[in-house]
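Letter by letter, the sequence shown follows residues 183 to 405 of the numbering used here.
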Amino acid sequence: MSNAYHTVALDEEPFLAKEAKEEGVVDQKWTESTESKSILDPPAASAVKYETKHFDLPPFTEGPFVGMGDDVDAAWDEISVVGDTMISREEMVKLGLDPETSLAITDPRDGKPGYRVAIEVFHQLHCLNLLRQNVYKEYYSPLGGDTSDAPEDLTGHLDHCIEALRQFVMCQSDVGVFSFNYPMGDDDPWPNYSTPHTCRNFNSIRQWAVDHTVPRGPDEPEH
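Here it is as structure tokens:
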């Protein structure tokens, strides 16, 4: 199936039933409230494009993101290690974020003031990568990094990531379906997870993040 994609307004999310739109569910979920702008209109919203993709999940999982080693690490770094950006005070307020308690920064390139923000998808990928590394802890722990932290610190980090991903998955609540087939040629049906999904084009969002990365200034604390 082709991966042709198109830009869709964030109040026209695919798979919202016509009946739901007519009953006003879209207004409740996607549109601007009387108090503040919808949090579904973040800075990178302009990069959102939709495409139909088949998930690649055969019965025995393999691929560039599976396992351990330099090549797998490089693949994960390519999709998850992206710099943070910044937004204005006005954008902070519109997104329901409190400027008074947030990290204020100055862009070291032009002196423009703003607030440090990160894009959620890269935090989620970081969490998935940490779970992967913990599966192969015997390999990764001697190399340093998060899996070499003290046991209580690592457990806290993993619990944080599991809870973050749980909330994200439940927030998205994918209503796609999968069938069952017979890949082994016997009478034992297996779930067929290699199914079509309507996806946001990741490369478009990643490129936006790269293009809008704001470097850390000399006086900005690590975070």
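Just so you know, even glycine gets a beta-carbon here, dropped at the ideal spot from N, CA and C.
Checklist entry - If you draw a straight line from the C-alpha of Thr377 to the C-alpha of Pro295, how long is it? => result 45 Å
Item to check | Start and end residues, beta strand (DSSP E) containing Met250 | outcome: Counting along the chain, Met250 falls outside any beta strand (DSSP E), and DSSP gives it neither H nor E.
Item to check | Whole-Å CB distance - Ser262 paired with Leu307, under 8 Å assumed | outcome: 4 Å
Checklist entry - Can you name, in chain order, every residue of its own chain whose Cβ lies under 7 Å from the Cβ of Ser386, other than the five neighbours on each side? => result Ala229, Lys231
Item to check | Residue burial classification, Arg388 (beta-carbon count within 10 angstroms, cutoff 16) | outcome: buried
Checklist entry - Rounded to a whole number of angstroms, what is the C-alpha to C-alpha distance between Arg398 and Thr267? => result 10 Å
Checklist entry - Taking DSSP as the reference, what is the three-state secondary structure of Ile344? => result helix
Next on the checklist: Would Leu285 and Arg271 be called neighbours here (beta carbons separated by less than 8 Å)?
Outcome noted: no
Checklist entry - Quick one, which of Gly249, Asn316, Ser355, Cys353 has its alpha-carbon nearest Leu340's? => result Asn316
Next on the checklist: Beta-carbon within less than 7 Å of Leu239's beta-carbon, same chain only, minus the 5 sequence neighbours each way: which residues are those?
Outcome noted: Tyr375, Ser376
Next on the checklist: Give me the DSSP bridge partner(s) of Trp372.
Outcome noted: Asn363
Item to check | His305 - containing alpha helix (DSSP H), residue span | outcome: 302-317
Checklist entry - Distance, Cα to Cα, Ile301 vs Asp368? => result 45 Å
Next on the checklist: Spatial neighbours of Asp280 within its chain, please: C-beta separation below 8 Å, excluding the five flanking residues on both sides.
Outcome noted: Met274
Checklist entry - Distance, Cα to Cα, Ser220 vs Asp370? => result Model confidence at Ser220 stands at a pLDDT of 47, short of 50, so the residue's coordinates are unreliable; what they give is reported in the following sentence. Those two C-alpha atoms are separated by around 47 Å.
Item to check | Selected residue, minimal CA-CA separation from Ala256, among Asp401, His305, Asn311, Cys381 | outcome: Asn311
Checklist entry - Can you tell me the Cα-Cα spacing of Glu404 and Phe237, whole angstroms? => result 36 Å
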